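Remarks on the structure that follows.
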Amino acid sequence: MIAAVLAGTAGLALLGVVLVVAPGAVVNHDLAGASVAAQDRLKAINDVRTTLLQAVGGMVLLFGAYATWRQLRVSQDGLRATQEGYVTDRFSTAVDQLGSDKLETRIGGLHALWRIAEHSARDREAVISIQAAYLRTHLPWPPAGSNAPAADLSINDVVPLEVRAADAQVALTGLGVLLLRPREQSWVNLGVTDLRRADCDGLWLNEVNLDRSCMEGAGLYHANLTQASLVSVNLRHADLKTAILRRARCVLADLRGARLVESDLRDADFTEADLREANLRKADAAGAAFHRADLRLADLRGCDLSTADLLQARLTGALASEHTRWPAGFDHAAAGVLVTEDPGPEPPPLLQPSGITTQHPPLRSMP
C-alpha cells in the first residue's frame with residue numbers, strides 16, 4: 331500500500347515537472363537568451379506543454395496496452411493450465427475405465443480416449459499406443475480364455491468381432507481413424523492378434539505391424555494398408571476389395587480365397603504367399619513381387635501384372651482374360667493359366683454383402 335502511494339506521489343511530481351518546469355526550460359534553451367515578447371514566450375511554452383502532454387498520453391496508452399497484453403497472456407496461461415489439468419483428469423479416468431469388468435464402462439473409456447486424441451495432439455500418440463496395447467492384450471493369437479472362439483473353429487462359426495468383443499471393435503475403429511492424422515511415430519504394433527471377422531472397412535492402417543495375426547474373414551473394404559507389415563498373417567476369405575496395399579509386406583501371408591478385386595497392390599511383396607483361389611480381378615499389381623507365390627486357381631482376369639515379378643510363381647488353373655496384362659516375354663499358357671471370358675464391370679459396393687457376415691464356402695485348396 332505504501333509502495334503504491336509512493337509510486338503515485340512520484341508520478342504526480344514527475345507530471346508536475348513535465349508540465350510546469352520542463353516547458354519553460356525547453357523554451358529558454360531554444361531562445362538561447364534572445365529577447366521575445368511575453369505573449370510569444372507564453373505561446374511557445376504552451377506549445378511545448380501540449381507536445382509533452384501528447385507524449386505522456388501516448389506513453390500511458392502504450393503502457394495500458396502492454397498491461398492488457400500481459401494480463402491476457404496470464405489469463406491464457408491460466409486457462410491452458412486448467413484445460414490441461416482437465417484433459418489429464420479425463421485421460422486418467424478413461425484409462426481406469428478400461429480395467430472395468432463392465433463392457434459398457436470399457437467402451438465408454440475407449441470412446442473418451444478417442445475424443446481426447448481428436449482434440450489434443452499432445453495425447454494422440456499415447457492414445458494410439460493404449461488402443462494397440464488393448465487389442466494385443468484382449469485379443470491374443472492363438473486365442474486364450476474360455477470366451478474366445480477356438481483357433482481351429484470354422485470361420486463361418488466365428489461370431490463377428492463387433493458382437494463377441496464390442497470393446498475391441500471400438501478400439502480397432504478408433505485406431506484406424508486416428509492413424510489418418512499426421513503422426514510423430516511411424517509404426518503401430520498389432521502383431522499376433524485375433525482379428526477374425528473384424529470390421530476394418532475404410533480404416534487407415536498404414537504402417538501397422540500385423541505380423542502373424544489372424545484376420546480370417548475380416549472386412550477390409552477400401553482399407554488403407556500402405557506399407558503395412560503382413561508377414562505370415564492369415565487373411566483367408568478376407569474382403570480387400572479396392573483396398574490399398576501399396577508397398578505392403580505380405581511375405582508368407584495366407585490369402586486363400588481372399589477378395590482383392592480392384593485393389594492397389596503396386597510394389598507389394600507377396601514372396602511365398604499363398605493366394606490360391608484368391609480373387610484379383612482388375613487389381614493393379616504393377617511392380618508387385620510374387621516370387622515363389624502360389625496363385626493356383628486364382629482369378630486374375632483384368633489384373634495388371636505387366637511389371638510384376640512372377641519368378642517361380644505357381645499359376646496352374648489360374649483364370650485370366652484378354653485384359654490380363656503379363657510381364658514381357660512371360661508365357662502364361664505354359665504356366666498353366668486358363669484364358670476365359672472377362673467378367674465385365676464389377677457390381678457397385680452397395681450391392682455387396684458385408685464381409686463380416688458372408689458365409690464362406692470351403693476352400694478347394696484346404697488340405
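Just so we're aligned, residue 331 is where the sequence shown starts under this note's numbering, counting upward by one.
For every residue, glycine included, the Cβ atom is placed at its ideal position computed from N, Cα and C.
From a predicted model like this one, the values you see are computed outputs, not experimental measurements.
| query | result |
| --- | --- |
| Can you tell me whether DSSP reads S593 as helix, strand or coil? | coil |
| Find out if the Cβ-Cβ distance for the pair L520, R466 is shorter than 9 Å. | yes |
| If you drop the 5 nearest sequence neighbours on each side, which residues of the same chain put their C-beta closer than 7 Å to that of L582? | V561, S562, E602 and A603 |
| Starting from D453, trace the alpha helix (DSSP H) both ways and give me its first and last residue. | A451 to H468 |
| Determine the extent of the alpha helix (DSSP H) in which T503 is found, giving its start and end residues. | A496 to L508 |
| Below 9 Å between beta carbons: does that hold for C633 and L610? | yes |
| Considering only residues of the same chain and omitting the five flanking positions on each side of R566, which have a CB-CB separation below 6 Å? | E546, D584, R586 and G587 |
| Only counting the same chain, and skipping five residues up and downstream in sequence, which positions put a Cβ closer than 6 Å to that of H621? | T601, D639 and L641 |
| According to the neighbour-count rule (16 or more other Cβ atoms, all chains shown, within 10 Å of its Cβ), is I332 buried or exposed? | exposed |
| Can you tell me which of H468, D377 and I458 puts its alpha carbon nearest to the alpha carbon of L510? | I458 |
| I believe E607 touches R694 by the beta-carbon criterion, under 8 Å. Please report the beta-carbon distance rounded to the nearest angstrom. | 7 Å |
| Alpha carbons only, please: which of E514, H690 and T654 is nearest the one belonging to A613? | T654 |
| Taking all protein chains shown into account, decide if V667 is buried (16 or more other Cβ within 10 angstroms of its Cβ) or exposed. | buried |
| Once the 5 residues before and after R420 are set aside, which same chain residues still bring their CB inside 7 Å of it? | A442 and I446 |
| Do A643 and A665 have their CB atoms nearer than 9 Å? | yes |
| Under the DSSP definition of a beta bridge, which residues are partnered with A553? | For A553, which the question treats as bridged, DSSP gives no partner whatsoever. |
| Assuming D529 and H552 make a contact with CB atoms under 8 Å, what is their CB distance in whole Å? | No, D529 and H552 are not in contact; Cβ-Cβ is about 12 Å, not under 8 Å. |
| Got a sec? Which residues, its chain only, sit under 7 Å from A619 by beta carbon, not counting five neighbours each side? | D599, F600, T601 and D639 |
| What separation, rounded to the nearest whole angstrom, lies between the Cα atoms of N376 and S450? | 60 Å |
| Nearest by alpha-carbon distance to I574: which of N536, E652 and S543 is it? | N536 |
| Hey, out of D431, P692 and V522, whose CA is closest to A463's CA? | V522 |
| When burial is assigned at 16 or more other CB atoms within 10 Å of the CB, is W444 buried or exposed? | buried |
| Under the DSSP definition of a beta bridge, which residues are partnered with A619? | D599 and D639 |
| Assuming A699 contacts L555 (C-beta within less than 8 Å), just tell me the rounded distance between them. | Past the boundaries of the shown model lies residue 699; the chain is included only from 331 to 697, so the question cannot be answered. |
| Which whole-angstrom value is the C-beta distance of R589 and L570, which I expect to be below 8 Å? | 6 Å |
| If you draw a straight line from the C-alpha of S476 to the C-alpha of V507, how long is it? | 31 Å |
| Between the alpha carbons of L483 and P472, how many angstroms are there, rounded? | 12 Å |
| Could you tell me the distance, in whole angstroms, from the CA atom of T381 to the CA atom of L391? | 15 Å |
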